[in-house]
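As structure tokens, the structure follows; a few thoughts come after it.
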Amino acid sequence: MTTRDEPAIQNHFSRMKGPVMRPEHRVIRVVILDDHTVVQHGISSYLAERNDIAVVASFGKSRDLICWLQANHADVVLLDYTLGPGEIDGLNLVKLISTRFPECKILMTSSSDTPATVNMTMRAGALGFFGKSENLSKLADAIFVVARGRPYISAELSGKLMSSSMPDPRLARQKVVSAESASASDSGPSAILSLSPREHEVLRCYLAGMSVSDIAAKFARSSKTISTQKQSALRKLGIRSDAELFASRKLLEER
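Letter by letter, the sequence shown follows residues 1 to 255 in UniProt numbering.
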């Protein structure tokens, strides 16, 4: 072997010995949807300190996010559960993204981290749930878990699920209790689980101050349809009037 061959051979072996980028070591691409600009900037600033997570886009409107996803890729989508009037949000948005962009892992963020909301969100297609009352320092861990295709719920939220007699959605898919089996006087976990996803969304929006007409416009349904779904939900919960609904609000949120 001649001396002039040595540089070429050395270069060949240098390329062979170079670091191999493993999937778990690649940068995780994250996109944020939240209608509060301060929240967007707060999350982006926190994640900007890391070199293994990149916030590639952030939006305040769900339709802008959908348009972006049609032309771009994200590993994890951070979704705010509740957006403004006229926006696609909640369970509808989770189902839309999980159906049209199955490669994107959904990590839901919300200030409403009730057991019912967590269960319904994850059953709709979200892979993780991060309450806005949780320590922001745990968000990166949640993103890593979800990016690997594993479900994430904090220990605190898991404890809430157990204390409310609701199943942990990471472990099993809960069978929804039928309306017939729900007692008219029972507004506990079983009655709440008997609500359909749309009924749950209608009550959520109504309790947030939206009128039946507003909710109908939001979900592109007739006012009559929304009113029927609202009355069906009240009947399953054993609630007879709007006054009782608002009086039971705290109880419903605790479930």
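We put the beta carbon where it would ideally sit given N, CA and C, even for glycine.
Hey, LEU78 and THR109: beta-carbon distance below 8 Å or not?
-> yes
Selected residue, minimal CA-CA separation from SER133, among GLY84, VAL146, VAL39, ILE239 = VAL39
Contact check, LYS236 vs LEU195 under 8 Å by CB: the rounded distance?
-> 6 Å
Touch check for the stretch 82 to 102 and the stretch 44 to 53: three-plus C-beta pairs under 8 Å?
-> no
So what's ASP186 in DSSP terms, helix, strand or just coil?
-> Since pLDDT at ASP186 reaches only 44, below the 50 mark, its modelled position is unreliable, and no value is offered.
Between the Cα of GLY60 and the Cα atoms of SER227, LEU96, GLU87, CYS205, which residue gives the shortest distance?
-> GLU87
Counting Cβ pairs closer than 8 Å, one from the stretch 97 to 108 and one from the stretch 224 to 231, do we hit at least three?
-> no
Where the alpha helix (DSSP H) through LEU107 begins and ends = From DSSP, LEU107 is part of no alpha helix (DSSP H) but of the beta strand (DSSP E) over 105 to 110.
Which value, in whole angstroms, describes the spacing of the CA atoms of SER44 and ASP214?
-> 32 Å
Could you tell me which residues DSSP pairs with TYR81 in its beta bridges?
-> Answer is none; TYR81 lacks a bridge partner.
Taking 7 Å as the cut-off, does the CB of SER196 come closer than this to any heavy atom belonging to the ligand COA?
-> For the structure depicted, the ligand COA is absent and the ligand set is empty, with no information on it obtainable.
Classification of THR114 by the beta-carbon crowding that lies within 10 angstroms, buried from 16 upward = buried
Close Cβ partners of ARG221 (< 7 Å) along its chain, the five nearest in sequence each way excluded | none
For ALA142, I'd like the list of residues in its chain whose CB is within less than 7 Å of its CB, leaving aside the five on either flank, ordered along the chain.
-> LEU107, GLY128, PHE130, TYR152
Pick out whichever of GLY42, MET120, SER98 has its Cα sitting closest to the Cα of GLY149.
-> SER98
Supposed close pair VAL30, ALA71 - CB separation, criterion 8 Å = That belief does not hold up - the Cβ atoms of VAL30 and ALA71 are roughly 17 Å apart, past 8 Å.
Among residues of its own chain, excluding the 5 on either side of LYS160, which ones have a beta-carbon nearer than 6 Å to its beta-carbon?
-> PRO115
Top-ranked residue by Cα proximity to VAL55, from CYS67, ASP64, SER62, HIS41 | HIS41
Under 8 Å by Cβ, that's how I've got ASP89 and SER111 pegged, so tell me the actual separation to the nearest angstrom.
-> Not quite, the Cβ-Cβ distance comes to about 13 Å (not below 8 Å), so this is no contact.
Taking the DSSP output, what are the residues bridged to LEU33?
-> PHE59, LEU79
C-beta contact flag for ALA124 and PRO197 at 8 Å = yes
Would you identify the three-state DSSP class for ILE88, choosing helix, strand or coil?
-> coil
Any idea what DSSP makes of ILE53, helix, strand or coil?
-> strand
CA-CA distance, ALA155 and LYS138?
-> 11 Å
Mapping DSSP to helix, strand and coil, what is PHE130?
-> strand
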